[in-house]
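Below: one structure, written as structure tokens.
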Amino acid sequence: MKLSYFPGCSLKGLGRAYEESLLPVMRHLGVELVELDDWNCCGATAYMAVDEAKACVLAARNLALAEQSGRGQLMAPCAACYLVLNKTKHYFHDYPAMKATIDRALAAVGLSYAGDTAVRHPLDILLNDIGIEAIRQKVTQPLKGLKVATYYGCQIVRPYATFDDQYNPTSMDRLLEALGATIVRYPLKTKCCGGSLTGTVPAAGIRMVYILHNEARKRGADCIATVCPLCQFNLDAYHAQVRSEYGEVVVPTVYFSQLMGLAFGLPEKQLGLQRAAVPFRWRPAPPPHAHLTLGRNPVPAPTLPMVQLNPEIRIGFYVCHCGHNIASMVDCPEVAGYVGRLPGVVLSRDYKYMCSDPGQELIQKDIAEFQLNRVVVASCSPLLHEHTFRAAVAAGGLNPYLFHMVNIREHDSWVHTDRQEATAKAKALARAAIRRATLARALPERQVPINPAVLVVGGGIAGIHAALTLAQAGKHVWLVEREPSIGGHMARFDKTFPTLDCAACILTPKMSAVGSHPNITLWSYSDVVQVDGFVGNFTVKVRRRPRYVNEDLCTGCQECIGNCIYKEAKFPDEFNEGLGKRKPIHIPFPQATPQVVLIDPQVCLNFKRGVLTDRCKKTCVEACGDRKAIDFTQKEEVKEIQVGTIIVATGFKPFDVRRVPQYGYGTYPNVYTALEVERLVNASGPTAGEVILRDGRRPSAIAIIHCVGSRDKKTNRWCSRVCCMYSMKLAHLLKEHSGAELYNFYIDIRAPGKGYEEFYDKLNEEGVHFIRGRVGEVTDWAMIPEEEGKLVIRVEDTLAGVVRRIPVDMVVLATGLEPHADAQDVRRLFNMSCGTEGFFLERHPKLAPVNTFTDGVFIAGCCQGPRDIPDTVAQAGAAAAEALALIDRGFIMQEPNTAYILDDCSGCKSCIPLCPYTAIAFDEATGKAVINEALCKGCGTCVGSCPSGSIGQHLFEDDEVFSEIAGLLAAYL
Amino acid sequence: MSRLKYAPNVRVIRLMCSGRVDPQFILEALRRGADGVLIGGCHPGDCHYVEGNYKMLRRYRLLQRMLGDLGIAAPRVRLEWISAAEGERVKSVINEMTRQLQALGPLDLPGKFTDWDQEVIALAREAQAKVAAETEAEVAHV
Amino acid sequence: MKPSSAASLDTVGQTAQDRSDARDARDHRRSPLRIERTIKYESDRRVGFGREVMSVPGCEQLENCIQCGTCSGVCPLSIYMDHSPRQVMALTRADFRDEVLRSHTIWLCASCYSCTVECPQQIRITDIMYELKQRAISAGIYPRRFPIPVLAHEFTRMVRKHGRITELVLVIRLFLKTDWLAALGNWRLGLDLMRTGRFSLLTERIKHHGDIAKMLDAVDHPPGPAP
């Protein structure tokens, strides 16, 4: 393998030991490094401080030379060179102005750069191209017993992390482990060494070097392994200053390539070890025990003649100003004047707010006075007001389908910036609409009956409230819930803010009302798998998963659980977020509804990995006795139901904190998520409400970090709305249960609801510390004795204007709310859309928050966006009201845009398989296709496919569309 | 709703499903002077009417081949899957297509048809004149 | 946080604050309690400065700064700064150019990029710091003999002339131009480097070193309109 090699000024100067060790090591592994001919200084960080463009040009010359050499890849061992070359490459691709400057400068010396050369780091090549195994095989003198603190520094992981993780890189760790070394846990592996500050501002720089040495020494490292010549220089050459200020804390610093050379048995003199100011001497010593503390890898339309002046067509045209929304960009009087001159138009007006009552009355008056037989309104999106105007037209005595609407707001004034262009476009759109309106036909309205039964998907507080409301109104409700019990997230909370009511106490009465209501059929442990049909007539398939317990026979006595073969509960308990344990046969929580146990086939001894083996003694069945409720032969069932409306209330998923490894969840045992803490402080939780940490300690100081997975472009941009309030609640509960010092770290306090600000006051009075500063990371490396053994929060207290270090025992992450992982699949089931954030999309954010774009399907609660319990309940009521509105009316008016077969159908049958609603059939008698109007949904697929144009569609006739095309493009003829 | 701005040279026709789009609509638009036609449909799997967008895709593929034979550059007729929440996508697709069409230049089919008509008329006159001249020569010979 | 040695900085451009400071200094001599009146008038703002900084490619996101303080929290050097990185962002956005360019912050930035990767609004803070450094150097706003700009100057001179850096020569020149007493204070370091063979005064130079100057000049002088 042959690579171009870019040493950089440092590897020829103060960092020559790096080159001296790297070259023979690479050669030993069969990699030939060819030094780039006539390379120049990359500019490092110093040039960037003077002139960015020139700095990039300097680096680009080397990239151009590398390309010219034809060797494809350029290896840059020096971390600063690696960063600068990569940064230049990024700038070259992302900023055209910079590319132009680079091209120009290179051309001045007869060079050019195409942008392709890969810049690689030796660690990348060693691990990914050569491979750990090949390296392991070359080891002749394993570094057994050598304890190494791997130090990566800044520049190979920030801001671009290409071959390794940004927060917890492990490439060097894995490499050195393959050589037999022991890697000590070193939390400062990516902390800055101070760079050039050791020379220019020693007060700061020397201290930063000291911090690195001190921590390595405390962790028992024999040496620090680096990848950067400047880091090595800082850590090595300034040993005298560090010693004189801070004492005997210095640890020898070597390049990883030097360690590799030693392990390969290469002669020491060749590896440049003699060049270190602090000598590194190592002989293998018997290790007491080598424990590997590897960083965790974290887990992303014929020629139509011009419309003749037809005295029968009398069109009334209205263009709406919509206040400033349209008028600011479109000259409405001009449009009205233009349209007034078009053939067929007898009346053309511009008006401030067409959708208002006076606007609608104006239409009705004009229809009567001017005997209009067509009406066109140019205003906002038809999705908003088409029905408003159709109703107004109908009230004026005209068939509502003789009305046509043009969008000059969402498609024109709101998306363009040139007034002239926008007005010209509005005229074109209006002209097209006039032509189309000329061809409009009067159509009868379609009535579709509504099935009074309702499906509610999701048994959290939203689903429960909606179901109860509908049931009280006398409607039959199917409530389908995925978990074995209803209750959702609210059932897991301890108390609710701001009243500190016990969540279970206010929820369980509703849950049991659901369980016992005659109008509600509760199907828990079930999913919706298919939805067919349309508003008023949905056919839904529900899959009921096997609990291996007959719901009708189980009384919830739980004697089976007591009698299980497993004497002790052994398996992580889902309800308690894994903090507690349960047996294979279990009930989710004491107040579960339905009060029925279930068996987990993955861990029950009577199964093997989910498949029934029937090998267990089945002591549970014994305990059940005469009730005979346990049934190991139970199978999955798919049931079909008919409903008229659907309410989707599937709730949220808490943000997965493993996506933010810098907060330490999983690395440190005493970092918790908010939901885990809810269970911890709950009297029926795994610790009976005592605040006992995973390692058994009781905390004396607790930090609550706000905005984890919220208000962050790297994870979720939105504010999750409830976290400030629940963080305050948890602060109160934790303080009450443990007496610890509480610290809340926030960016802003959001307390908008009733009693919320007062709650914040109360927390302040209780002595909870609120510090305005977003926490960047949680670490365990101590600077002073008081921090030993604690988790340290380093934060800028922005209001006090100081940077603080606060040691705590427990960290609570206020996780944000996200859509469920399968939100996309669920929304397809119900024919809904999701917004950009992934929550289900409402029809209108202000005026229709519980409706979707699919008639008959409603959403409520957190599945639509993060919200607290009062708002969720309000939405659930709203959704129930919308459903009731449909049901009580008994029918819905549908757009009559059905398709129909014309007489000249040739019977080719191409249309028949196309219809997704199987509305087209072949009539053998006539030899033609025939459409069942009741089934036709008006999608138009058959119309567009018919080879002889023998299918027409009401409201979207071919001639209407062609006339619209002609109207839009008339200016070009 | 996001009010992201894009180029103003787009004229919109609203249909209820991309499945309704007849290839003749596209040809008619080009014939009447459009430089390009953009069809926006729901993403595969998301069609409100189940499968209309797939049918559109099939027609579109066939149409592309035909347009190729007619010498109309492929970027002029484009099918994009855009959903309700993708304001950013609408903007970038329209701006990109505008740039491509500007690079290709105007299609101007009406102009071309007029030119070809003139050509045909000129040819016809030429042929007539030739026949007349030959007939004249024959008569004179006799 | 006020710069403790503000009076010793050799700065250009007196603000209204400076003039009122001078007046107050006279009054202070009479009063046992040393007080200072600090107020920022609109005339202290250099209107458009923030926009200018933000118009540099990569710095646009400064508009979205919510002043959360994460940058200062993770910056290893924020404890030495007179204005924390967050404050510098706020001051830049508010157009307080003089305050920003006179702060120690921009010189203490080690460009470790921790702030850039943690910022929830993905603001390229390190690049903004570079931008401010460049402006301070070109406006001459830094104390004479301040090592960092002197280092930058010497670095660029050496690269332009030779194409490469000879580290030891650079460091020696730096010390001579700033604080040669400190250079002598580092005698032990020098001795170590000599002993381990890292002490080389041989000037590194590339073959086509003339090309470097040509390239750099081409950046400053864009060609005329194409024929």
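One line per chain: the protein sequences are A, B and C, in this order. With my numbering applied, the first sequence corresponds to residues 41 to 1013, in that order. With my numbering applied, the second sequence corresponds to residues 12 to 153, in that order. With my numbering applied, the third sequence corresponds to residues 368 to 594, in that order. We put the beta carbon where it would ideally sit given N, CA and C, even for glycine.
Quiz item: Can you list, in chain order, the residues of the segment 70-88 of chain A whose Cβ is nearer than 9 Å to any Cβ on chain C?
Solution: D77, D78, W79, N80, C81, G83, A84, T85, A86, Y87, M88
Practice problem: Using a Cβ cut-off of 8 Å (strictly closer), state whether B:G56 contacts chain A. | Solution: yes
Quiz prompt | B:L134 burial status per 10 Å Cβ neighbour count (16 or more: buried) | solution = exposed
Quiz item: In angstroms, rounded to a whole number, what distance separates the CA positions of A:P739 and A:I732?
Solution: 8 Å
Exercise. Express the C-alpha separation of A:A689 and A:I625 in angstroms, rounding to a whole number.
Key: 28 Å
Exercise. Please say whether A:N413 and A:L382 have beta carbons closer to each other than 8 Å?
Key: no
Quiz item: Name the DSSP bridge partner or partners of A:K621?
Solution: A:P612
Practice problem: Please go through the same chain and pick out, in chain order, the residues whose beta-carbon is closer than 6 Å to the beta-carbon of A:V569, but skip the five residues on each side of it. | Solution: K581, R583
Practice problem: Output, in sequence order along the chain, the residues in the segment 294-307 of chain A whose CB is closer than 9 Å to any CB in chain C. | Solution: none
Practice problem: Say whether the segment 107-117 of chain A touches the segment 148-156 of chain A, bearing in mind that this needs 3 or more beta-carbon pairs closer than 8 Å, one atom from each stretch. | Solution: yes
Quiz item: When the Cα atoms are used, what is the spatial distance from A:A119 to C:K544?
Solution: 28 Å
Quiz item: Can you list the residues of chain A that C:R565 reaches, using a CB-CB cut of under 7 Å?
Solution: L54, R56, R315
Quiz item: Name the chain C residues that come within less than 9 Å of A:A925, Cβ to Cβ?
Solution: By Cβ distance, chain C contributes nothing, its closest Cβ being about 41 Å from A:A925, past 9 Å.
Quiz item: When burial is assigned at 16 or more other CB atoms within 10 Å of the CB, is A:G239 buried or exposed?
Solution: buried
Exercise. Can you grab the Cα-Cα spacing for the pair A:T855 / A:E826, in whole Å?
Key: 29 Å
Quiz item: Which stretch, first to last residue, makes up the alpha helix (DSSP H) that contains A:S61?
Solution: 56-68
Quiz item: If you run the structure through DSSP and keep just helix, strand and coil, what is B:K123?
Solution: helix
Quiz prompt | Cutoff 8 Å: A:C759 Cβ touching any chain B Cβ | solution = no
Practice problem: For A:C271, I'd like the list of residues in its chain whose CB is within less than 6 Å of its CB, leaving aside the five on either flank, ordered along the chain. | Solution: G193, C233
Quiz prompt | B:I24 at chain A interface by Cβ criterion, 8 Å | solution = yes
Practice problem: Answer with yes or no whether the minimum CB distance from C:V467 to chain A is below 8 Å. | Solution: no
Quiz item: Roughly how many angstroms separate the alpha carbons of A:P327 and A:G618, rounded to a whole number?
Solution: Note that A:P327 has pLDDT 40, beneath the 50 cutoff, so the model's placement of it is unreliable and no number is given.
Quiz item: For B:G51 versus B:I93, is the C-beta distance shorter than 8 Å?
Solution: yes
Quiz item: Hey, out of A:A961, A:F931, A:T894, A:Y200, whose CA is closest to A:L423's CA?
Solution: A:T894
Quiz prompt | C-beta neighbour in chain C for A:M445, strict 8 Å | solution = no
Practice problem: Report yes or no: do three or more beta-carbon pairs, one from the segment 84-96 of chain A and one from the segment 495-507 of chain C, lie closer than 8 Å? | Solution: yes
Exercise. Return the CA-CA distance between A:G793 and A:G729, expressed in angstroms with no decimal places.
Key: 28 Å
Exercise. State buried or exposed for A:W518, treating a residue as buried only when at least 16 other CB atoms are found within 10 Å of its CB.
Key: buried
Quiz item: What do you get for A:T595, buried or exposed, if any count of 16 or more other CB atoms within 10 angstroms of its CB means buried?
Solution: exposed
Practice problem: Can you say whether A:P340 is buried or exposed, counting buried as having 16 or more other CB atoms within 10 angstroms of its CB? | Solution: Its pLDDT being 27, under 50, A:P340 is placed unreliably by the model, and nothing is read from it.
Practice problem: Kindly indicate if chain C contains any beta-carbon less than 8 Å away from that of A:R101. | Solution: yes
Self-check item: Close Cβ partners of A:K187 (< 7 Å) along its chain, the five nearest in sequence each way excluded
Solution: T222, V224, G260, A261, D262
Practice problem: For C:V441, count neighbouring C-beta atoms within 10 Å of its own C-beta (all shown protein chains included) and say buried if the count is 16 or more, exposed if not. | Solution: buried
Exercise. May I have a chain-ordered list of the beta strand (DSSP E) segments no shorter than 3 residues that lie completely inside the segment 552-577 of chain A?
Key: 560-563, 566-574
Exercise. Tell me, please, which residues DSSP counts as bridged to A:T685.
Key: A:V494
Practice problem: Report all residues from its chain with a CB closer than 7 Å to the CB of A:L166; omit the five preceding and five following residues, and keep chain order. | Solution: I175, L215
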